[in-house]
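Asks:
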Amino acid sequence: MKQRGRHRRRRRGQALRATLAGTALALTAAATLISTSQATGANTPGGLTALRSPAAAQPLRLHENLASRDALDTLSGNMGGNVGVEGVLRDADRSMRNTADCTEDERASLPVEPTATRAYCWDGADARTGQWQPRSVTTSGDAVDDGLWGTREVILAGWTHHDGQAAAPTREEGLAKVAVVDATDPDALSYRWVLLVAPRAGGKDFTAVHSGLGGMVWYQDKLIVTAEHGQGLLVFDLHRLLRADVDSGAVGRVGHGYSAAGYQYVLPAIGSYDPEGGACTRGRDNAVPCFGSLSLDRTTTPHSLVATEAAGHRPERTRVWRYAFSTAAYRTGLLADVQGHVDAVEAYTTKGSGVSGALSHRSDGEREAQWYIGRPADSGTRHGSLWRQSGHGAQAATCTADQSHACWSLGSGSLSYWQRTGELWTLTDAADRRVLYAVPLSSVDGSLG
0 MKQRGRHRRR
10 RRGQALRATL
20 AGTALALTAA
30 ATLISTSQAT
40 GANTPGGLTA
50 LRSPAAAQPL
60 RLHENLASRD
70 ALDTLSGNMG
80 GNVGVEGVLR
90 DADRSMRNTA
100 DCTEDERASL
110 PVEPTATRAY
120 CWDGADARTG
130 QWQPRSVTTS
140 GDAVDDGLWG
150 TREVILAGWT
160 HHDGQAAAPT
170 REEGLAKVAV
180 VDATDPDALS
190 YRWVLLVAPR
200 AGGKDFTAVH
210 SGLGGMVWYQ
220 DKLIVTAEHG
230 QGLLVFDLHR
240 LLRADVDSGA
250 VGRVGHGYSA
260 AGYQYVLPAI
270 GSYDPEGGAC
280 TRGRDNAVPC
290 FGSLSLDRTT
300 TPHSLVATEA
310 AGHRPERTRV
320 WRYAFSTAAY
330 RTGLLADVQG
340 HVDAVEAYTT
350 KGSGVSGALS
360 HRSDGEREAQ
370 WYIGRPADSG
380 TRHGSLWRQS
390 GHGAQAATCT
400 ADQSHACWSL
410 GSGSLSYWQR
420 TGELWTLTDA
430 ADRRVLYAVP
440 LSSVDGSLG
């Protein structure tokens with residue numbers, strides 16, 4: 000990180016431009032704010048309930064499994080060496096549209112209250128495809144204190160392949176890819192796709208990773224994502240981004256080269272965190288939960304990974320919990336473990352199901368963290384809600400004449416907080432209504448009254 004010292008002045012200029020861009024951005028709302036109030040009525044999730052018993056914590060326990068360094072080095076060597084985030088961004092081939100260039104439907108998917116201060120829409124076919132769905136977001140503001148990866152501000156957005164043909168899924172069903180977005184210039188975002196893969200055959204080959212990508216966190220040099228069907232977590236090293244040299248629909252070694260389903264870059268997994276209690280089960284108390292969304296909390300000591308339970312058929316409650324990150328210098332970006340075991344350090348339940356994203360954050364002077372819980376609407380045509388919860392209750396903005404809390408975006412994904420800028424980042428996921436956007440966390444709190 001030595002090069003950071005040479006760019007302090009440039010960072011201040013970039014931060015100022017981002018602030019001015021956010022201040023200048025005016026987004027119209029589809030409904031009028033009536034009032035904000037303490038959440039009451041049947042739709043409130045109420046306060047968080049702490050889970051303190053060993054029996055409640057046991058299903059959350061994970062086991063760490065790391066790939067052989069020799070296998071990872073073999074794959075890197077065979078593919079011409081690591082290119083890193085910088086190498087991918089130098090080869091960015093798509094541009095994001097600024098708010099003025101977004102369609103009316105895309106803008107209408109944004110929150111009603113509070114309004115977004117920055118919003119970007121995807122390029123061309125990425126905005127319209129029904130086969131790929133955006134699910135999660137994390138940023139270099141999660142990764143490092145000053146939010147700069149080298150000299151760039153970077154956003155990662157996770158997409159999963161879903162063609163809707165459950166009876167006859169294609170070989171691409173469940174594939175996972177990440178948009179690596181250069182957000183250094185807030186007026187000109189560009190990106191490149193990277194396919195997630197897993198090494199095999201001692202690093203001589205790789206295979207595709209399948210994941211719903213409901214959650215994704217970039218911390219230090221590691222990227223942690225939810226595994227297929229929420230069965231634990233996968234870990235990637237962002238220094239080990241590699242370039243494929245064969246353009247074909249295959250995934251893995253092809254003759255004397257490597258192909259990645261038509262994508263030029265791959266990111267191989269370096270390990271996983273698997274539930275010690277076996278396969279996850281949706282919607283059962285005290286069972287091993289399937290992972291839903293992920294986020295990072297930089298206000299705990301040590302920093303922690305926040306997880307939520309994937310939606311199930313049980314409507315009464317959803318578990319949310321956290322794992323501490325390791326503070327060992329040789330374990331950057333990995334979770335704290337004791338002989339390979341990773342335990343949750345805090346866990347709660349929140350009433351209701353269908354959590355689309357959760358963020359924990361404790362502001363200066365606060366005795367406890369506030370939990371921000373995103374919930375989609377029952378209908379795909381209705382905006383969702385964003386609740387601030389603690390052990391004492393829940394609040395959400397009230398933004399329509401019928402006193403509804405449906406003020407958040409239409410089809411929201413996971414949540415990510417950029418601590419230096421104070422922005423809460425997320426994205427919408429419906430085809431033709433896909434927007435990557437930011438809302439100041441202070442505006443979320445202000446909308447609660």
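Residue numbering for the sequence shown follows numbering that gives the first Met the number 0, starting at 0 and increasing by one per position. Where a beta carbon is used, it is the ideal one built from N, C-alpha and C, also for glycine. Note that the coordinates shown come from a computational prediction; the quantities given were computed from them, not determined experimentally.
#1: What three-state label does DSSP hand glutamate 227 in the structure shown?
#2: Across the region 216–231 and the region 268–284, are there enough close Cβ pairs to call them in contact, namely three or more that are closer than 8 Å?
#3: Suppose you measure from the CA of valine 136 to the CA of asparagine 81; what does that come to, to the nearest Å?
#4: Write down the C-beta distance between threonine 159 and valine 438 rounded to the nearest angstrom, noting that I regard them as a contact closer than 8 Å.
#5: Would a C-beta distance cut-off of 8 Å place aspartate 273 and asparagine 64 closer than the cut-off?
#6: Pair every Cβ in the region 385–396 with every Cβ in the region 250–270, then say whether three or more of these pairs are closer than 8 Å.
#7: To which residues of the same chain is threonine 299 closer than 8 Å at the C-beta, ignoring the five residues directly before and after it?
#8: For leucine 194 versus alanine 259, is the C-beta spacing smaller than 8 Å?
#9: Hey, quick one: how far does the alpha helix (DSSP H) through serine 303 stretch, first residue to last?
#10: Looking at the unbroken beta strand (DSSP E) that takes in asparagine 64, where does it start and where does it end?
#11: Shortest alpha-carbon distance to glycine 123 belongs to which of Leu440, Thr206 and Arg432?
#12: Using the rule of at least 16 other Cβ atoms within 10 Å of the residue's Cβ for burial, across every protein chain shown, is tyrosine 449 buried or exposed?
#13: How would you label proline 53, buried or exposed, when you count the other beta carbons within 10 angstroms and need 16 or more for buried?
#14: Where does threonine 98 sit, in a helix, a strand or coil, going by DSSP?
#15: Sort out for me which residues DSSP pairs cysteine 398 with in a bridge.
#16: For glutamate 85, does the three-state DSSP call read helix, strand or coil?
#17: Use the C-beta contact count for threonine 27: other C-beta atoms within 10 angstroms, 16 or more gives buried, fewer gives exposed.
#18: The alpha helix (DSSP H) with alanine 346 in it runs from where to where?
#19: What three-state label does DSSP hand glutamate 315 in the structure shown?
#20: Taking the straight line between their C-alpha atoms, what separation do you get for cysteine 209 and tyrosine 257?
#21: Excluding five sequence neighbours on each side, which residues of the same chain lie with their C-beta closer than 7 Å to the C-beta of glycine 353?
#22: Tell me the start and end of each unbroken beta strand (DSSP E) in the region 113–178 that is at least 3 residues and wholly inside, in chain order.
#23: Below 8 Å, can you find three or more Cβ-Cβ pairs linking the region 75–93 to the region 235–253?
#24: Our contact map puts leucine 147 next to tyrosine 218 with C-beta atoms below 8 Å; I'd like the distance itself, whole angstroms only.
#25: Just confirm the distance between the C-beta atoms of glycine 390 and lysine 221, as a whole number of angstroms; I'd bet it's less than 8 Å.
#26: Can you give me the Cβ contacts of serine 441 inside the same chain, cut-off strictly under 7 Å, excluding the 5 residues immediately before and after it?
#27: Between the Cα of threonine 449 and the Cα atoms of Ala156, Thr114 and Trp121, which residue gives the shortest distance?
#28: For aspartate 144, which of Trp417, Cys101 and Val434 has the nearest alpha-carbon?
#29: Helix, strand or coil for glutamine 369, going by three-state DSSP, please let me know.
#30: For alanine 395 and serine 411, what's the separation of their Cα atoms in angstroms?
#31: Which residue comes first and which comes last in the beta strand (DSSP E) that contains valine 196?
#32: How far does the alpha helix (DSSP H) with valine 265 in it reach, from first residue to last?
#33: On a CA-only basis, which of Gly86, Asp336 and Trp121 is nearest aspartate 100? Give me that one, please.
#34: Taking a contact to mean a Cβ-Cβ separation below 8 Å, would you say leucine 293 touches threonine 225 in this structure?
#35: Short of 8 Å in beta carbon distance, which residues of its chain neighbour leucine 47, apart from the five on each side in sequence? Order them along the chain.
#36: So, at 6 Å on beta carbons, what are the nonlocal neighbours of alanine 55 in its own chain, with the 5 sequence-adjacent residues on each side left out?
Replies: With the structure as the only source:
#1: For the purposes of this step, residue 227 is taken as the residue at position 228 of the sequence shown. Three-state result, glutamate 227: helix.
#2: yes
#3: What you label residue 136 is simply residue 137 of the sequence shown in a count that begins at 1. What you label residue 81 is simply residue 82 of the sequence shown in a count that begins at 1. Approximately 23 Å between the Cα atoms of the pair.
#4: Counted from its first residue, the sequence shown places residue 159 at position 160. Counted from its first residue, the sequence shown places residue 438 at position 439. 24 Å between Cβ atoms; not a contact.
#5: Here residue 273 is taken as the residue at index 274 of the sequence shown, counted from 1. Here residue 64 is taken as the residue at index 65 of the sequence shown, counted from 1. Yes, the Cβ-Cβ distance between aspartate 273 and asparagine 64 is below 8 Å.
#6: no
#7: Here residue 299 refers to the residue found at position 300 when the sequence shown is read from its first residue. Same-chain partners within the cutoff: Arg321, Ala323, Ser359, Arg361 and Ala368.
#8: Indexing the sequence shown from 1 puts residue 194 at position 195. Indexing the sequence shown from 1 puts residue 259 at position 260. Taking 8 Å as the cut-off, the Cβ atoms of leucine 194 and alanine 259 count as close.
#9: Taking the first residue of the sequence shown as 1, we reach residue 303 at position 304. First-last for serine 303: 303–308, but that is the beta strand (DSSP E), not the alpha helix (DSSP H).
#10: As a first step, residue 64 is located in the sequence shown; it is residue number 65 there, counting from the start. For asparagine 64, the enclosing beta strand (DSSP E) starts and ends at 61–65.
#11: Stepping through the sequence shown from its first residue, residue 123 is reached at position 124. Of the candidates Leu440, Thr206 and Arg432, the one whose C-alpha sits nearest the C-alpha of glycine 123 is Arg432.
#12: Because the chain spans 0 through 448 in this model, residue 449 falls outside it and cannot be assessed.
#13: For this step, residue 53 is matched to residue 54 along the sequence shown. Classification for proline 53: exposed.
#14: Counted from its first residue, the sequence shown places residue 98 at position 99. The answer is helix: DSSP assigns threonine 98 an H, G or I state.
#15: In the sequence shown, residue 398 corresponds to position 399, counting from 1. Cysteine 398 pairs with nothing; no bridge assigned.
#16: Here residue 85 refers to the residue found at position 86 when the sequence shown is read from its first residue. Glutamate 85 falls in the helix class under three-state DSSP.
#17: As a working note, residue 27 is residue 28 in the sequence shown. Annotation note: pLDDT 34 at threonine 27 (below 50); position unreliable, coordinate value reported separately. Burial call: exposed.
#18: Counting from 1 along the sequence shown, the entry for residue 346 is found at position 347. First-last for alanine 346: 345–350, but that is the beta strand (DSSP E), not the alpha helix (DSSP H).
#19: Within the sequence shown, numbered from 1, the residue matching residue 315 stands at position 316. Correct three-state label for glutamate 315: coil.
#20: To locate residue 209, count along the sequence shown from 1; it is residue 210. To locate residue 257, count along the sequence shown from 1; it is residue 258. Position check: residue 209 holds histidine in this sequence, whereas cysteine was assumed. Straight-line Cα distance between these residues: approximately 19 Å.
#21: What you label residue 353 is simply residue 354 of the sequence shown in a count that begins at 1. Take glycine 353, set aside five residues on each side of it, and the residues of its chain with a beta-carbon closer than 7 Å to its own are Ala310, Arg374 and Pro375, in chain order.
#22: 117–120, 131–138 and 153–160
#23: yes
#24: As a first step, residue 147 must be located in the sequence shown, where it is residue number 148. As a first step, residue 218 must be located in the sequence shown, where it is residue number 219. No, leucine 147 and tyrosine 218 are not in contact; Cβ-Cβ is about 15 Å, not under 8 Å.
#25: Within the sequence shown, the letter at position 391 stands for residue 390. Within the sequence shown, the letter at position 222 stands for residue 221. About 31 Å separates the two Cβ atoms, so there is no contact after all.
#26: The count along the sequence shown starts at 1 and reaches residue 441 at position 442. Contacts found: Gly421.
#27: Nothing can be reported for residue 449, as the shown portion of the chain is limited to 0 through 448.
#28: By one-based count along the sequence shown, residue 144 stands at place 145. Ranking Trp417, Cys101 and Val434 by Cα distance to aspartate 144 puts Trp417 first.
#29: By one-based count along the sequence shown, residue 369 stands at place 370. Three-state DSSP puts glutamine 369 in a strand.
#30: Translated into positions along the sequence shown, residue 395 becomes position 396. Translated into positions along the sequence shown, residue 411 becomes position 412. Alanine 395 and serine 411: Cα-Cα distance of roughly 16 Å.
#31: Here residue 196 is taken as the residue at index 197 of the sequence shown, counted from 1. From DSSP, the beta strand (DSSP E) with valine 196 extends over 189–199.
#32: By one-based count along the sequence shown, residue 265 stands at place 266. No alpha helix (DSSP H) contains valine 265, which is instead part of the beta strand (DSSP E) from 264–274.
#33: What you label residue 100 is simply residue 101 of the sequence shown in a count that begins at 1. The shortest Cα separation from aspartate 100 among Gly86, Asp336 and Trp121 belongs to Trp121.
#34: Here residue 293 is taken as the residue at index 294 of the sequence shown, counted from 1. Here residue 225 is taken as the residue at index 226 of the sequence shown, counted from 1. Yes, the Cβ-Cβ distance between leucine 293 and threonine 225 is below 8 Å.
#35: Here residue 47 is taken as the residue at index 48 of the sequence shown, counted from 1. Excluding sequence neighbours, leucine 47 sits near Val319, Tyr347, Thr348, Thr349, Trp370, Gln388, Ser389 and Gly390.
#36: Within the sequence shown, the letter at position 56 stands for residue 55. So no residue of the chain qualifies.
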